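Colleague:
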Amino acid sequence: MRGVKSSTERLTSAFLASRPVRWCGSSLRGLALASVVANIGIIVTGAAVRLTKSGLGCPTWPRCTDDSYVSTPEMGINGAIEFGNRLLTFVLVAIAVACFLGALARRRRSLTRLSVAVALGIPGQGVIGGITVLTNLNPWVVGLHFILSIALIAGAFALWRRVDEGDGDPVPLVPAPIRQLAWVTTAASLAVIAAGVVVTGSGPHSGDQGAKRNNLDPQQVSQVHADLVFLLIGLTVALWFALRAVNAPAAAIRAAAVLFWVEMSQGLIGFVQYFTHLPVALVAAHMLGSGLVWVATLSVLWSLRSRPAVTTPPTAPRPVPSPAAEPVAAP
98 MRGVKSSTER LTSAFLASRP VRWCGSSLRG LALASVVANI GIIVTGAAVR
148 LTKSGLGCPT WPRCTDDSYV STPEMGINGA IEFGNRLLTF VLVAIAVACF
198 LGALARRRRS LTRLSVAVAL GIPGQGVIGG ITVLTNLNPW VVGLHFILSI
248 ALIAGAFALW RRVDEGDGDP VPLVPAPIRQ LAWVTTAASL AVIAAGVVVT
298 GSGPHSGDQG AKRNNLDPQQ VSQVHADLVF LLIGLTVALW FALRAVNAPA
348 AAIRAAAVLF WVEMSQGLIG FVQYFTHLPV ALVAAHMLGS GLVWVATLSV
398 LWSLRSRPAV TTPPTAPRPV PSPAAEPVAA P
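Remember, my numbering sits 97 above the position in the sequence shown when you count from 1.
1) Mind listing, in chain order, the continuous alpha helix (DSSP H) runs of no fewer than 4 residues lying wholly within the segment 217-282?
2) Can you tell me whether Arg402 is helix, strand or coil according to DSSP?
3) Can you give the Cα-Cα distance for Leu128 and Ile228, rounded to whole angstroms?
4) What's the call for Ala427, buried or exposed, on a 16-neighbour Cβ count within 10 Å?
5) May I ask you to report which of helix, strand or coil DSSP gives Arg107?
6) Tell me the rounded alpha-carbon separation between Val296 and Val146.
7) Can Ala349 and Leu340 be called in contact, C-beta distance under 7 Å?
8) Along the chain, where does the alpha helix (DSSP H) containing Tyr371 start, and where does it finish?
9) Figure out for me which residue from Ala193, Val260, Val238, Ala248 has the closest Cα to the Cα of Arg82.
10) Report yes if the C-beta distance between Ile219 and Leu189 is below 7 Å; otherwise report no.
11) At what residues does the alpha helix (DSSP H) containing Arg147 begin and finish?
12) Which term fits Val268, buried or exposed, when burial requires 16 or more other beta carbons within 10 angstroms of its beta carbon?
13) Does DSSP put Gly154 in a helix, in a strand, or in coil?
14) Give the straight-line distance between the Cα atoms of Leu249 and Gln222, rounded to the nearest whole angstrom.
15) Given Phe112, which residues of its chain have a CB within under 6 Å of its CB, disregarding the five upstream and five downstream residues?
16) Closest to Gly293 by C-alpha separation, out of Arg119, Thr169, Ser319, Trp337, would be which residue?
17) Take the Cβ of Gly176 as the centre, count every other Cβ of all protein chains shown within 10 Å, and call the residue buried at 16 or more, exposed below.
18) From what residue to what residue does the alpha helix (DSSP H) around Cys196 run?
19) Using a threshold of 7 Å, state whether the C-beta atoms of Gly154 and Ile178 are closer than that.
20) With respect to the alpha helix (DSSP H) encompassing Pro315, which residues constitute its N-terminal and C-terminal limits?
21) Inspect the beta-carbon positions of Thr283 and Thr333 and report whether they are closer than 7 Å.
22) Skipping 5 residues on each side, what residues in its chain have a beta carbon closer than 6 Å to that of His242?
23) I need the DSSP call for Cys161, collapsed to helix, strand or coil.
24) Using only CA atoms, which one of Val392, Ser110, Arg107, Ala144 lies nearest to Leu255?
25) Have a look at His383 and Phe368 and give me their C-alpha separation to the nearest angstrom.
26) Have a look at Thr109 and Ile247 and give me their C-alpha separation to the nearest angstrom.
27) Does the ligand PLP have a heavy atom nearer than 6 Å to the CB of Ala288?
28) For His383, name the three-state secondary structure that DSSP assigns.
29) Are Leu325 and Ala288 close, meaning C-beta to C-beta below 7 Å?
30) When DSSP labels each residue in this structure, what does Ala114 get in the three-state scheme?
31) Quick one: what's got a C-beta closer than 8 Å to Thr142's C-beta in the same chain, skipping five residues either side?
32) Cα separation between Cys196 and Ser212?
33) What's the gap between the Cα of Ala144 and the Cα of Leu328?
Dropping the structure here:
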């Protein structure tokens, strides 16, 4: 049994020492950032599918047709767009596998857990995408598909930022009330994103001519969405002033400022697209903006604490036994 264990350890060590795995380990930060970018990118390509009415370009799943896994020339541009979007899942999988290998090479359990979470989320995302097709683009399932992308972005972002951190306990850099305000701001950011999903489900860009909508009044849900945006901007401004008041680290103040300007840009796009009757280009830009707002929100949270390396307490040296004294002979 001991021999089997030692053989397994040798194989594991040889695998982790191989050139591809070592490259993944040294490139883990870049790979994790690529995962963030790719997961934002698939939001945009998913929007392209919807905005070009290609949501049912492949009318079934997991095949593209009943007889083929790929689109056929007869399916036209809509089939090609939908099939191309499906292929991007494999790009996400490849990046996730590389991140997992890189985390193994780093021999840090925290990184491995995060990489596994992201890797497992991608097939789940693919399954939900398939369900959207099988339910004829049910707007609530489409919304869930988008929300899972937001969760995957959070996981990939956490992996990216944790690469340069230690595994010690988090050390807060600002007082507790400001950290609580940051969490409230994060909740508001999520609420804005969720409301945007509902607005999308009520609007005209369903992804296919015959797809149903959620039967909510677009004007009313858009007003709720706008109200939440105003709340989010107000919280962000309050957070920025609070950070300056307590002399928070420059990185935290800068992160809050970036979040504010990203929100303002996203809000401007949202208002213009609403009053110009949702042109395709602006809707796609707004979808991209939702991912950028979320990343900027996460950046604020990460800037409010640090994580040092784990320090192992020094071990006391073991006492060296003194040689036993020889008995003294009696005179």
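Glycine included, every Cβ here is placed at the ideal spot set by N, Cα and C.
Model, not experiment: these values are computed from the prediction.
Modeller: From the atom records:
1) 236-259
2) strand
3) 29 Å
4) Bear in mind that the predicted position of Ala427 carries a pLDDT of just 48, short of 50, making it unreliable; the figure below should be weighed with that in mind. Looking at its Cβ environment, which holds fewer than 16 other Cβ atoms inside 10 Å, Ala427 is exposed.
5) helix
6) 18 Å
7) yes
8) 347-372
9) Lying outside 98 to 428, the shown extent of the chain, residue 82 is not represented and no answer is given.
10) yes
11) 125-148
12) exposed
13) coil
14) 9 Å
15) none
16) Ser319
17) buried
18) 173-203
19) yes
20) 315-342
21) no
22) Ile225, Gly226, Thr229
23) coil
24) The amino acid at residue 255 is misidentified as Leu; the sequence shows Ala. Checked all of Val392, Ser110, Arg107, Ala144; the closest Cα to Ala255 is Val392.
25) 10 Å
26) 34 Å
27) The ligand PLP is absent from the structure shown, which contains no ligands of any kind.
28) helix
29) yes
30) coil
31) Gly181, Asn182, Leu185
32) 6 Å
33) 26 Å
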